[in-house]
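K.L.:
Here it is, the structure, as structure tokens.
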């Protein structure tokens, strides 16, 4: 088995890939940083390779390397935005500075797009990841100088995630609570006002990028993919917004990806095998 590790700011996701398989096994294992020392005990196999991505800082990276060396005497093959450029063009001004989670998530998204009729017909695609931070990244086809086209990351937004927005209001003000309410159209209490404002900000940013993508690549409506632990906090807000902007029966709902970063690591594992 090939072990895949996505070390995020809040949790670490673990998955595995059977030799010769194109797709990782289903639902990933999710651990807090404090639970990492028990990683080996949770697996019923000995990995032959380990691929990982880390945006959680040096301490988490060092801990993972110690754990994998102690348990299996294996080094970790770390991957970031310097990898996979044969699969996807990176239009970031300084490509190596693009976050590893964003880049690998886009490589994973690209795998899900292969064979999609709308994507093949020229639709741009947005991956909205609702985690500690919210990232809204867009893929589109770009024509090369030789007349061929290639998939490209053309840019994206970063904003505080929904939970981070709620905490900042609670910690940065004297009287506002840590809101747990649900978004509503016209809030009449403080918790609902905060929850609704946060959802509106998150989904407003996504609709902005969707509008920009539709304008830049007209003809086929943009595709939406979503991921991240805070997705349930904003899911209903997006559904309602799309009902107003895309009322027809042909409108495509957003598609859920449980861990596109792990899918991106699986792509690189297959490439290197």
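In this note's numbering, the protein residues as written are 88 to 360. Just so you know, even glycine gets a beta-carbon here, dropped at the ideal spot from N, CA and C.
1. Please classify residue 314: is it buried, with 16 or more other beta-carbons within 10 angstroms of its beta-carbon, or exposed?
2. Hey, would you say residue 356 sits closer than 9 Å to residue 189, going by beta carbons?
3. Would you be able to state if there are at least three C-beta pairs under 8 Å between the region 140-156 and the region 90-97?
4. Does residue 201 pass the burial test, meaning 16 or more other C-beta atoms within 10 Å, or should it be called exposed?
5. For the putative contact between residue 321 and residue 290, defined by C-beta atoms under 8 Å, what is the C-beta separation to the nearest angstrom?
6. In terms of residue numbering, what span does the beta strand (DSSP E) encompassing residue 224 cover?
7. Kindly indicate which three-state DSSP category residue 346 falls into: helix, strand or coil?
8. For my contact list, residue 100 and residue 124 are in at a C-beta cut-off of 8 Å; report their separation, rounded to the angstrom.
9. So the alpha helix (DSSP H) residue 297 belongs to, where does it begin and stop?
10. Looking at C-beta atoms only, is the number of pairs between the region 276-290 and the region 240-254 that lie closer than 8 Å three or more?
11. If you draw a straight line from the C-alpha of residue 305 to the C-alpha of residue 160, how long is it?
12. Compare the beta carbon distance of residue 106 and residue 215 with 9 Å and say whether it is the shorter of the two.
13. For residue 93, which three-state DSSP category applies?
14. Just to check my reading of the structure: residue 166 and residue 185 have Cβ atoms closer than 8 Å, yes? What is that Cβ distance to the nearest angstrom?
15. Measure the C-alpha to C-alpha separation of residue 173 and residue 198 and round it to an integer number of angstroms.
16. Thinking residue 312 and residue 212 are a contact (beta carbons under 8 Å), I'd like their distance in whole angstroms, please.
17. Across which residues does DSSP place residue 164 in a beta bridge pair?
18. Can you tell me whether residue 259 is buried or exposed? The criterion is at least 16 other CB atoms within 10 Å of its CB, across all chains shown.
P.N.:
Per the coordinate set shown:
1. buried
2. no
3. yes
4. exposed
5. 6 Å
6. 220-230
7. coil
8. So it is not a contact: roughly 17 Å between Cβ atoms.
9. 277-303
10. yes
11. 52 Å
12. no
13. strand
14. That pair is no contact at about 12 Å.
15. 13 Å
16. 7 Å
17. 138
18. exposed
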